[in-house]
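Colleague:
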Amino acid sequence: MAQQPIVRPSQRVSGLSVEGAFAVLARAEALGGRLTPPDRVVHLEIGQPDFATPPHIVEAGLRALRNGDTRYAPPAGLPALREAIAVHVGARGIRASANRVLVTPGAKTALYCALAAVMNPGDAVLVPDPGFPAYASMVHALGGRTQRYEVDARNGVDVAAVAARITARTRVLVLNAPHNPTGTTISAETAGALAALAERHDLTIVSDEIYSALQFDRRAASPAAHPAGAARTIVVDGFSKAYAMTGWRLGYAILPRDLAHTAEPLATNLFSCTATFVQQAGLAALTGAQTCVAEMREEYALRAHMVAEALNRAPGISCPSPRGAFYAFADVGGLRLSADVLARRLLDESHVALLPGTAFGPGGAGHLRLSFGGSRGDISLGLSRIRAFVTALGNHTPTESTAYAG
Ligand code: PLP
Numbered sequence: 011m012a013q014q015p016i017v018r019p020s021q022r023v024s025g026l027s028v029e030g031a032f033a034v035l036a037r038a039e040a041l042g043g044r045l046t047p048p049d050r051v052v053h054l055e056i057g058q059p060d061f062a063t064p065p066h067i068v069e070a071g072l073r074a075l076r077n078g079d080t081r082y083a084p085p086a087g088l089p090a091l092r093e094a095i096a097v098h099v100g101a102r103g104i105r106a107s108a109n110r111v112l113v114t115p116g117a118k119t120a121l122y123c124a125l126a127a128v129m130n131p132g133d134a135v136l137v138p139d140p141g142f143p144a145y146a147s148m149v150h151a152l153g154g155r156t157q158r159y160e161v162d163a164r165n166g167v168d169v170a171a172v173a174a175r176i177t178a179r180t181r182v183l184v185l186n187a188p189h190n191p192t193g194t195t196i197s198a199e200t201a202g203a204l205a206a207l208a209e210r211h212d213l214t215i216v217s218d219e220i221y222s223a224l225q226f227d228r229r230a231a232s233p234a235a236h237p238a239g240a241a242r243t244i245v246v247d248g249f250s251k252a253y254a255m256t257g258w259r260l261g262y263a264i265l266p267r268d269l270a271h272t273a274e275p276l277a278t279n280l281f282s283c284t285a286t287f288v289q290q291a292g293l294a295a296l297t298g299a300q301t302c303v304a305e306m307r308e309e310y311a312l313r314a315h316m317v318a319e320a321l322n323r324a325p326g327i328s329c330p331s332p333r334g335a336f337y338a339f340a341d342v343g344g345l346r347l348s349a350d351v352l353a354r355r356l357l358d359e360s361h362v363a364l365l366p367g368t369a370f371g372p373g374g375a376g377h378l379r380l381s382f383g384g385s386r387g388d389i390s391l392g393l394s395r396i397r398a399f400v401t402a403l404g405n406h407t408p409t410e411s412t413a414y415a416g
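Just remember that this note's numbering sits 10 ahead of the position in the sequence shown, which is counted from 1.
Structure, rendered in structure tokens:
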């Protein structure tokens, strides 16, 4: 007989989803542990740079630790870091003052603070589909409902498609460009049009710009850089991707003028402050030479090209060239297998870990997401295994009952 729970998890916690990338990583690592070397799992699932954190940043963190920067800092962030962040985002046209910067343990916390700062229970929030799974999960945890708008794997966000989803309950528009999982970007015109749309419908924009430093073709556009968006956009950004600092946990939100006073109570109640020595490392990242970022961006651009080209040569797969971030979003509709089955079989049979597009929402059906955050060697090994798998598959009629329906 099933045991009665003594402690029942809240509806909020029960509604939180786990991230596909972490779940697949755990499965892939368990499988990897059972393989006999030299066979191994190739990891194309997790959005993690293979680069080490640049040495001058590590050194600044160590120096801060040795100097005793191990005590509480001001809740919303070290003044010098808040100032440096305000200057840093100015390069993409966002005008911010230090008192509008909220420093957080990772961009995810900034995202939660941003949504918590503007959402009330019952509010509807527009989220991208496919999109980073934490958006919908956090909106539900905060008592809101989601309205999904399409992000096309090739063309990105269409302003008219977003507009069509707005109802009287809509309060917030979540944007993400460069976009996870499609690698699409938005132009300055689109950012301006989305800001104008938000103004027309009195929406707050939460603009997740965590990949802004990793856009290959031109400077990343932000709705906060437009007159219509400046006073109604919360920019979310961080150090994980641009400076290869995923494990340091350092991010931030730029709050619009009217929300500046929420920075301190949010920080005080949620995390007291972000680790002081980590903030010192972040300060070194922003004030030091940016050549490390440029070098990583160039490498990602090369990998983007390499991945798209190889996938487009594989039978039944087509893949637009990613324009930013480090993800390729491949259309596998030509394979007559659902992307979920394909992802599972690629892991079990070819030992390549990647994610089905549905890990990012129903709009991801028929797609696979490959991260090219890993080394070129791993990427090319993964790509050749994928090609071999789908080539072999082409000679057989698929036996799964879950034939492709995306
Ligand atoms: N936003 C997007 C779109 C992401 O892809 C990620 C990480 O994968 C994050 C936010 C979270 O970043 P952080 O590691 O700084 O919490």
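Glycine included, each C-beta is placed from N, C-alpha and C at the ideal position.
With burial defined as no fewer than 16 other Cβ atoms inside 10 Å of the residue's Cβ, what is the status of Arg102: buried or exposed?
Modeller: Arg102 comes out buried.
Colleague: Helix, strand or coil for His211, going by three-state DSSP, please let me know.
Modeller: Residue state, collapsed to three classes: coil.
Colleague: Ligand 1 and Asp139: does any heavy atom of the ligand fall closer than 7 Å to the residue's C-beta?
Modeller: Not so, every heavy atom of ligand 1 lies at least 7 Å from the Cβ.
Colleague: Take Gly344 and list the residues in its own chain whose beta-carbon comes closer than 8 Å to its own, dropping the five residues that flank it on each side.
Modeller: Excluding positions up to five away in sequence, the list reads Pro325, Gly326, Ile327, Ser328.
Colleague: Helix, strand or coil for Glu410, going by three-state DSSP, please let me know.
Modeller: With a pLDDT of 42 at Glu410, under the threshold of 50, the modelled position of that residue is not reliable, and the figure given next carries that caveat. Reduced to three states, the DSSP call for Glu410 is coil.
Colleague: With a threshold of 7 Å, establish whether the CB of Asn190 neighbours any heavy atom of ligand 1.
Modeller: Result yes, Cβ under 7 Å from ligand 1.
Colleague: Which same chain residues end up closer than 8 Å to Ser282 when comparing Cβ atoms and leaving out the 5 residues on each side of it in sequence?
Modeller: Excluding sequence neighbours, Ser282 sits near Tyr82, Pro85.
Colleague: Cα-Cα, which of Ala320, His236, Arg50 is closest to Glu199?
Modeller: Comparing Cα positions, the closest option is His236.
Colleague: Exposed or buried, which one is Tyr414 when buried takes at least 16 other CB atoms within 10 Å?
Modeller: With a pLDDT of 33 at Tyr414, under the threshold of 50, the modelled position of this residue cannot be trusted; read the value that follows with caution. When all chains shown are included, Tyr414 counts as buried.
Colleague: Does the beta-carbon of Ala226, which I'm using as the reference point, lie nearer than 7 Å to any heavy atom of ligand 1?
Modeller: Per the sequence shown, the amino acid found at residue 226 is Phe instead of Ala. No, the beta carbon of Phe226 sits no closer than 7 Å to any heavy atom of ligand 1.
Colleague: Express the C-alpha separation of Ala241 and Asp268 in angstroms, rounding to a whole number.
Modeller: If I take the Cα positions, the gap works out to 8 Å.
Colleague: Please classify Ala234 as buried or exposed, where buried requires at least 16 neighbouring CB atoms within 10 angstroms.
Modeller: Looking at its Cβ environment, which holds 16 or more other Cβ atoms inside 10 Å, Ala234 is buried.
Colleague: I think Arg313 touches Ile244, with their Cβ atoms under 8 Å apart; what is that distance to the nearest whole Å?
Modeller: Incorrect: roughly 31 Å between the Cβ atoms, too far for contact.
Colleague: Span of the alpha helix (DSSP H) holding Pro7?
Modeller: Since the displayed the chain opens at 11 and closes at 416, residue 7 lies outside it and no answer follows.
Colleague: At the level of alpha carbons, what is the spacing between Ser411 and Arg181?
Modeller: Because the pLDDT of Ser411 is 38, which lies under 50, any placement of that residue in the model is unreliable, and the number read from its coordinates should be weighed accordingly. About 41 Å.
Colleague: Helix, strand or coil: how does DSSP classify Phe336 here?
Modeller: Here Phe336 sits in coil by DSSP.
Colleague: If we count the other Cβ atoms within 10 Å of its Cβ and call it buried at 16 or more, is Phe32 buried or exposed?
Modeller: By the neighbour-count rule (16 or more Cβ atoms within 10 Å), Phe32 is not buried but exposed.
Colleague: Could you check which residue in Gln58, His150, Cys123 has the C-alpha nearest to that of Pro275?
Modeller: Nearest of Gln58, His150, Cys123 to Pro275, Cα basis: Cys123.
Colleague: Between Gly153 and Phe370, what straight-line distance do the alpha-carbon atoms span, to the nearest angstrom?
Modeller: When rounded, the distance between both Cα atoms is 20 Å.
Colleague: On the criterion of 16 or more Cβ atoms from any shown chain inside 10 Å, does Ile16 qualify as buried, or is it exposed?
Modeller: That one is exposed.
Colleague: Quick check: the Cα distance between Gly416 and Arg50, rounded to an integer number of angstroms?
Modeller: Confidence is the limiting factor: at Gly416 the pLDDT is only 30, short of 50, which leaves the residue's position unreliable, though a coordinate-based value still follows. If I take the Cα positions, the gap works out to 31 Å.
Colleague: I'd like the span of the beta strand (DSSP E) that includes Val182, first residue to last.
Modeller: Counting along the chain, the beta strand (DSSP E) containing Val182 begins and ends at 180-186.
Colleague: Could you name the residues of the same chain whose beta carbon sits closer than 6 Å to that of His211, not counting the 5 residues immediately before and after it, in chain order?
Modeller: Counting only Cβ-Cβ distances below 6 Å, and skipping sequence neighbours, we find Ile176.
Colleague: Tell me the DSSP secondary structure of Arg155 in three-state form.
Modeller: It is a strand residue.
Colleague: Whose C-alpha, out of Ala208, Thr195, His150, Arg155, is nearest the C-alpha of Val172?
Modeller: The candidate whose alpha carbon is nearest that of Val172 is Ala208.
Colleague: Which value, in whole angstroms, describes the spacing of the CA atoms of Asp227 and Pro140?
Modeller: Going by the C-alpha atoms only, they are around 22 Å apart.
Colleague: If we ignore side chains and look at the alpha-carbon of each, how far apart do Asn405 and Val317 end up?
Modeller: Annotation note: pLDDT 48 at Asn405 (below 50); position unreliable, coordinate value reported separately. Cα to Cα, the separation comes out at about 24 Å.
Colleague: Taking the alpha carbon of Ala295 as the point to measure from, which residue in Thr46, Arg179, Gly261 has its own alpha carbon closest?
Modeller: The candidate whose alpha carbon is nearest that of Ala295 is Gly261.
Colleague: Hey, is the stretch 297-314 in contact with the stretch 102-114, meaning 3+ C-beta pairs nearer than 8 Å?
Modeller: Verdict: no, contact absent.
Colleague: Output the distance between the C-alpha atoms of Gly392 and Ala335, rounded to the nearest integer angstrom.
Modeller: Distance between the alpha carbons of Gly392 and Ala335 is about 19 Å.
Colleague: Kindly confirm or deny that the stretch 364-381 and the stretch 298-306 touch, where touching means at least three C-beta pairs closer than 8 Å.
Modeller: No: the two stretches stay apart, fewer than three of their Cβ pairs being nearer than 8 Å.
Colleague: Taking 7 Å as the line, does the beta carbon of Ile215 fall inside it for any heavy atom of ligand 1?
Modeller: Not under cutoff, so the answer is no.
Colleague: Helix, strand or coil for Leu347, going by three-state DSSP, please let me know.
Modeller: Of the three classes helix, strand and coil, the one that applies to Leu347 here is coil, per DSSP.
Colleague: When we look at the beta-carbon of Thr401 and count the other beta-carbons within 10 Å, is it buried (16 or more) or exposed?
Modeller: Exposed, by the Cβ-count rule.
Colleague: Provide the residue(s) that pair with Thr243 in DSSP beta bridges, ordered along the chain.
Modeller: Looking at the DSSP assignment, Thr243 forms a beta bridge with Ile215.
Colleague: First and last residue of the beta strand (DSSP E) that includes His315?
Modeller: Not the beta strand (DSSP E): His315 falls in the alpha helix (DSSP H), residues 301-322.
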